[in-house]
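A short worksheet on the structure shown next.
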Amino acid sequence: MGARGDRATARTRSLLWPGAWATALAVLLLGGALGPGYVLSYDMVWVPDLRLGADALGLGTALPRAVPSDAVVAVLDEVLGGMLLQKLVLLLPLVAAGTGAAALVGPGVVARLVAVSVAVWNPFVVERLAIGHWPVLVGYGVLPWVLLAGTAWRRSGVMPARLPVLLLLGSLSASTGLVTAFAACVSAARRRRDRWLALAGLVVLANLPWVVSGLLHAGSATSSAAGADVFAPSGEGMLPAPLTFLSLGGIWNAAVVPDSRTGPLAVAMALVLVALAVLGVRRGWSKVPQGPRRALVWCWAVGLGLTLAAWALPGVTGWLASTVPGAGVLRDGSRLLALAAPLTAVLAGRGAEALVRLLPDALSRAMIALACVLVPVALMPDPALGLSGRVSAVDYPASYDALVDELRALPEGTVAVLPFQSYRAPAWNNDARPVLAPLGRYLPGRVVVEDRLVVDGRALAGEDPSAADVRRALAAPDPGQRAARLREAGVRYVVVERLPGVEVPEVAGEEVGELDDLTLVDVGPGRPPSGVPAAWTVVMALAWTGWCGLPVLALFLAVWRRRRAGRIVAQ
4 MGARGDRATA RTRSLLWPGA WATALAVLLL GGALGPGYVL SYDMVWVPDL
54 RLGADALGLG TALPRAVPSD AVVAVLDEVL GGMLLQKLVL LLPLVAAGTG
104 AAALVGPGVV ARLVAVSVAV WNPFVVERLA IGHWPVLVGY GVLPWVLLAG
154 TAWRRSGVMP ARLPVLLLLG SLSASTGLVT AFAACVSAAR RRRDRWLALA
204 GLVVLANLPW VVSGLLHAGS ATSSAAGADV FAPSGEGMLP APLTFLSLGG
254 IWNAAVVPDS RTGPLAVAMA LVLVALAVLG VRRGWSKVPQ GPRRALVWCW
304 AVGLGLTLAA WALPGVTGWL ASTVPGAGVL RDGSRLLALA APLTAVLAGR
354 GAEALVRLLP DALSRAMIAL ACVLVPVALM PDPALGLSGR VSAVDYPASY
404 DALVDELRAL PEGTVAVLPF QSYRAPAWNN DARPVLAPLG RYLPGRVVVE
454 DRLVVDGRAL AGEDPSAADV RRALAAPDPG QRAARLREAG VRYVVVERLP
504 GVEVPEVAGE EVGELDDLTL VDVGPGRPPS GVPAAWTVVM ALAWTGWCGL
554 PVLALFLAVW RRRRAGRIVA Q
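Each residue of the sequence shown is one higher than the one before, starting from 4 at the first, in the working numbering.
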């Protein structure tokens, strides 16, 4: 046990410098996002106190796209507060991704530091941060550690206590759950039935809330086939799509692509990464720890292969999304590039170490080593300081809290938020940064917001029947009929947010609040919303119980391991 403890201490010490470098890069990348306030960017809508309602628990009318992530946030922000929790959620996964890559790459300070640079400062991280996919980044951060834990399980035959918690953290959304599950399986699997059963049990428990909720919503779990074209991975700037993917870029939304990715710097970055990776294969692969090698290759091949398939065959992806319930999670194919990142970082690190060793004198080795460590930042400089200020934290207007107080003083009722569009660009949000309607999460009680997306003028059908009811009500020809149909849809209150250049259909009713840019209208008691079926409640309660069993399992394994070690020492 003493030797094992010494090895663990040595591993920890070997990651001190990589950990410090990963932290420095993460802070430089996030910049103003770590300041007071909340980062609101596209899909990232963070509020001071997220309600633990039916939607967060997978019992709402909409598909469980934010299950279990919303429930986790709703619980944790009661302890840490929403603002601090968001800072930790943005910072810690980047540090984890960097130190995890350093742990995978094997010996050598240069190899470890370069692996950190590539893992933290790459287009995948930057673009997912800009578009607000924080659960994807959490899954990305734990991915190297899942590979390491799975490898340890395969080699020792004893499940590491940390693995259940890593799987839980890596499964905060459907797409990341699939990525994490694959990484766990390829790293831990052995040709034994009991191992596959244990793996299957862990993976199922980690993904149980969104899987069960998705099955309950199976009738509305198909997506528009057009979404596959809209969300297909694509090339960036001068880079053809395959080279874009090799350099870990390719998101569908051009608005979140850094400017440096549209010019010659992107070409240089891709070529440098490929060159270092090739050198890493030829001269450094033998120094990569043997345990995770197979899993690294499998993850890279599957991640890159599925991304290429989503780019080349969007029709197939669209058919699956429109035909197979739940297959819509695959339509944003570039999310799967997270699987390719660990091997990319490892090979770049090993290639840099090999390149440095080819040089004859200490000065040239030091200069080239420094250049390799800094090359991701040098060739993609604009993400620094919060993506050049695009993801800085902001404060919510005082009118939001005043509106919450108004609603709590009124009879309970469902709220519809107007303008009825999924995204908006309020002037107070970092110079009109687009974001999903924040009021949908800020307000207490049941809130209905638009779930239909409009991308490049193309409307993609939503899946929430409550949103469809409100949409039809607002299409009525006059304010009185709109109010009547909203009541039929179960809506009691309408909140109108005045945005520049956005017209809102007038709705008849009593104006009960005028708060700066917000107006609260009472259209009268609406039809009571249909209750959640008792069977659904029971099934989801069982799903959440199973999911909560993962940290309990981790605690049990840790205690059992400690007691077992104590008995061995006593003998």
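Note that beta-carbon positions come from the ideal geometry of N, C-alpha and C, so glycine has one too.
_Could you tell me the alpha carbon to alpha carbon distance between Trp148 and Ala74, rounded to whole angstroms?_
Counted from its first residue, the sequence shown places residue 148 at position 145. Counted from its first residue, the sequence shown places residue 74 at position 71. Approximately 24 Å, taken between the alpha carbons.
*What residue ranges within the stretch 27-92 form continuous alpha helix (DSSP H) runs of no fewer than 4 residues, ordered along the chain?*
Runs found: 72-83.
*asked:* Please list the terminal residues of the continuous beta strand (DSSP E) segment that includes Arg286.
replied: Along the sequence shown, one-based indexing puts residue 286 at 283. That residue, Arg286, is in no beta strand (DSSP E); its alpha helix (DSSP H) goes 267-286.
*For Val119 and Ala25, believed in contact at Cβ under 8 Å, the rounded distance*: Along the sequence shown, one-based indexing puts residue 25 at 22. Along the sequence shown, one-based indexing puts residue 119 at 116. About 5 Å separates the beta carbons of Ala25 and Val119, which is inside the 8 Å limit, making them a contact pair.
_Pick from Ala330, Asp454, Val129, Ala100 that is closest to Leu181, judged by C-alpha positions_ = Here residue 181 is taken as the residue at index 178 of the sequence shown, counted from 1. Nearest option by C-alpha distance: Ala330.
*For Ser402, which residues of its own chain have a beta-carbon under 8 Å away from its beta-carbon, when the five flanking residues on both sides are left out?*
Sequence index remark: in the sequence shown, residue 402 carries index 399 (1-based). Take Ser402, set aside five residues on each side of it, and the residues of its chain with a beta-carbon closer than 8 Å to its own are Leu518, Asp519, Asp520, Leu521, in chain order.
*From Asp197, Arg157, Arg196, pick the residue whose C-alpha is nearest to that of Ala186; which is it?*
On the sequence shown, position 183 is the one that residue 186 refers to. Closest in alpha carbon position to Ala186, among Asp197, Arg157, Arg196, is Arg157.
*Please report the Cβ distance between Leu421 and Glu500, rounded to the nearest whole angstrom; I am assuming they are in contact, meaning their Cβ atoms lie under 8 Å.*
By 1-based counting over the sequence shown, the position of residue 421 is 418. By 1-based counting over the sequence shown, the position of residue 500 is 497. Rounded, the Cβ-Cβ distance is 7 Å, consistent with contact.
*Name the residue from Gly144, Leu477, Arg198 whose alpha carbon lies nearest to the alpha carbon of Thr183.*
Sequence index remark: in the sequence shown, residue 183 carries index 180 (1-based). Checked all of Gly144, Leu477, Arg198; the closest Cα to Thr183 is Gly144.
*Would you kindly work out how many angstroms separate the C-alpha atoms of Ala435 and Ser533, rounded to a whole number?*
Counting from 1 along the sequence shown, the entry for residue 435 is found at position 432. Counting from 1 along the sequence shown, the entry for residue 533 is found at position 530. The straight-line gap from Cα to Cα measures roughly 37 Å.
*Determine which residues share a DSSP beta bridge with Thr179 and list them.*
Translated into positions along the sequence shown, residue 179 becomes position 176. According to DSSP, Thr179 shares a beta bridge with no other residue.
*asked:* For Val206 and Leu170, what's the separation of their Cα atoms in angstroms?
replied: As a working mapping, residue 206 is identified with position 203 in the sequence shown. As a working mapping, residue 170 is identified with position 167 in the sequence shown. Within the model, the alpha-carbon separation for Val206 versus Leu170 is close to 7 Å.
_CA nearest to the CA of Leu456, picked from Val161, Leu439, Ala341, Ala355_ = Residue mapping note: residue 456 aligns to position 453 of the sequence shown, counting from 1. Selected option, being the one with the closest Cα: Leu439.
*Tell me Glu500's beta-bridge partners as DSSP assigns them.*
Numbered from 1 along the sequence shown, position 497 holds the residue referred to as residue 500. For Glu500, DSSP records a beta bridge to Leu521.
_Only counting the same chain, and skipping five residues up and downstream in sequence, which positions put a Cβ closer than 6 Å to that of Ala140?_
In the sequence shown, counting from the first residue as 1, residue 140 sits at position 137. Strictly speaking, residue 140 in this sequence is Leu, with Ala absent from that position. Taken in chain order, the residues that qualify are Pro96, Arg131.
*List in chain order: all unbroken alpha helix (DSSP H) runs of 4+ residues lying wholly within the stretch 130-204.*
Here the runs fully enclosed are 137-159, 165-172, 177-191.
*Check the C-beta distance from Pro212 over to Trp539 and give it rounded, since I have them as a contact under 8 Å.*
For the purposes of this step, residue 212 is identified with residue 209 of the sequence shown, where counting begins at 1. For the purposes of this step, residue 539 is identified with residue 536 of the sequence shown, where counting begins at 1. At roughly 13 Å, the Cβ-Cβ gap does not stay under 8 Å, so Pro212 and Trp539 are not in contact.
*Which residue's Cα is closest to the Cα of Ala77: Val189, Pro437, Pro51, Ala99?*
If you number the sequence shown from 1, residue 77 lands on position 74. Among Val189, Pro437, Pro51, Ala99, the Cα nearest to that of Ala77 is on Pro51.
*Would you list the one or two residues that DSSP bridges to Ala544?*
Taking the sequence shown and counting its residues from 1, one reaches residue 544 at position 541. For Ala544, which the question treats as bridged, DSSP gives no partner whatsoever.
*With Arg296 as the anchor, note down where its alpha helix (DSSP H) starts and where it stops.*
Your numbering for residue 296 matches position 293 in the sequence shown. Where Arg296 is concerned, the enclosing alpha helix (DSSP H) stretches over 296-315.
_Residue interval of the alpha helix (DSSP H) (run including Thr641)_ = As shown, the chain starts at 4 and ends at 574. That puts residue 641 outside it, with no answer to give.
*For Leu150 versus Ala344, is the C-beta spacing smaller than 7 Å?*
What you label residue 150 is simply residue 147 of the sequence shown in a count that begins at 1. What you label residue 344 is simply residue 341 of the sequence shown in a count that begins at 1. No, they are not a contact pair.
*Flag this pair as yes or no: are the beta carbons of Pro554 and Val168 separated by less than 7 Å?*
The residue given as residue 554 occupies position 551 in the sequence shown. The residue given as residue 168 occupies position 165 in the sequence shown. Cβ atoms of Pro554 and Val168: closer than 7 Å.
*Between the Cα of Leu246 and those of Ala269, Val407, Ala235, spot the shortest distance and give me the residue it belongs to.*
As a first step, residue 246 must be located in the sequence shown, where it is residue number 243. It is Ala269 whose Cα lies nearest to the Cα of Leu246.
*Would you check if there are 3 or more beta carbon pairs closer than 8 Å linking the stretch 319-338 to the stretch 214-229?*
With a cut-off of 8 Å on Cβ pairs, the stretch 319-338 is in contact with the stretch 214-229, counting three or more such pairs.
*Look at Gly516 and Val494 and say whether their C-beta atoms are less than 7 Å apart.*
Your numbering for residue 516 matches position 513 in the sequence shown. Your numbering for residue 494 matches position 491 in the sequence shown. Taking a C-beta distance under 7 Å as the contact criterion, Gly516 and Val494 do not qualify as a contact pair.
*Sorted by chain position, which residues of the same chain lie with C-beta nearer than 6 Å to Leu28's C-beta, five sequence neighbours on each side aside?*
Taking the first residue of the sequence shown as position 1, residue 28 is located at position 25. Cβ neighbours of Leu28 beyond the five flanking positions: Val123, Trp124.
*Pick from Leu279, Thr64, Leu18, Cys375 that is closest to Pro536, judged by C-alpha positions*: The residue labelled residue 536 in the question sits at position 533 within the sequence shown. Ranking Leu279, Thr64, Leu18, Cys375 by CA distance to the CA of Pro536 puts Thr64 first.
*Own chain, CB closer than 7 Å to Ala36, minus 5 neighbours either side, in chain order*: Numbered from 1 along the sequence shown, position 33 holds the residue referred to as residue 36. Non-local beta-carbon contacts of Ala36 in its own chain, meaning distances under 7 Å to residues more than five positions away in sequence, involve Val42, Leu93, Gly389, Val394, Ser395, Ala396 in chain order.
*asked:* Are the CB atoms of Ala486 and Val526 within a distance shorter than 7 Å?
replied: Here residue 526 refers to the residue found at position 523 when the sequence shown is read from its first residue. Here residue 486 refers to the residue found at position 483 when the sequence shown is read from its first residue. Yes.
_Nearest neighbour of Leu274, chosen from Pro292, Leu249, Gly135 [CA to CA]_ = In the sequence shown, residue 274 corresponds to position 271, counting from 1. Scanning Pro292, Leu249, Gly135 for the CA closest to the CA of Leu274 turns up Leu249.
*Over what stretch of residues does the alpha helix (DSSP H) that includes Ala114 continue unbroken?*
Here residue 114 refers to the residue found at position 111 when the sequence shown is read from its first residue. Looking at the DSSP string, the run of the alpha helix (DSSP H) that includes Ala114 is 112-123.
_Buried versus exposed call for Leu87 [16 or more other C-beta atoms within 10 Å across all chains shown]_ = By one-based count along the sequence shown, residue 87 stands at place 84. Classification of Leu87: exposed, given that the 10 Å Cβ count is below 16.
*Which residues bound the beta strand (DSSP E) around Thr417?*
Locating residue 417 in the sequence shown gives position 414, counting from the first residue. Per DSSP, Thr417 is one residue of the beta strand (DSSP E) stretching across 417-421.
*Counted within 10 angstroms of its Cβ, other Cβ atoms place Met4 as buried (16 or more) or exposed*: The residue you call residue 4 lines up with position 1 of the sequence shown. Note on Met4: pLDDT 47, under 50, position unreliable in the model; the coordinate value appears next. With fewer than 16 Cβ atoms within 10 Å of its Cβ, Met4 is classed as exposed.
*Leaving out five residues on either side along the sequence, give the residues of the same chain with a beta carbon under 7 Å from the beta carbon of Leu502.*
In the sequence shown, residue 502 corresponds to position 499, counting from 1. Scanning its chain for C-beta atoms nearer than 7 Å, with the 5 sequence neighbours on each side dropped, one finds around Leu502 the residues Pro422, Arg427, Pro429, in chain order.
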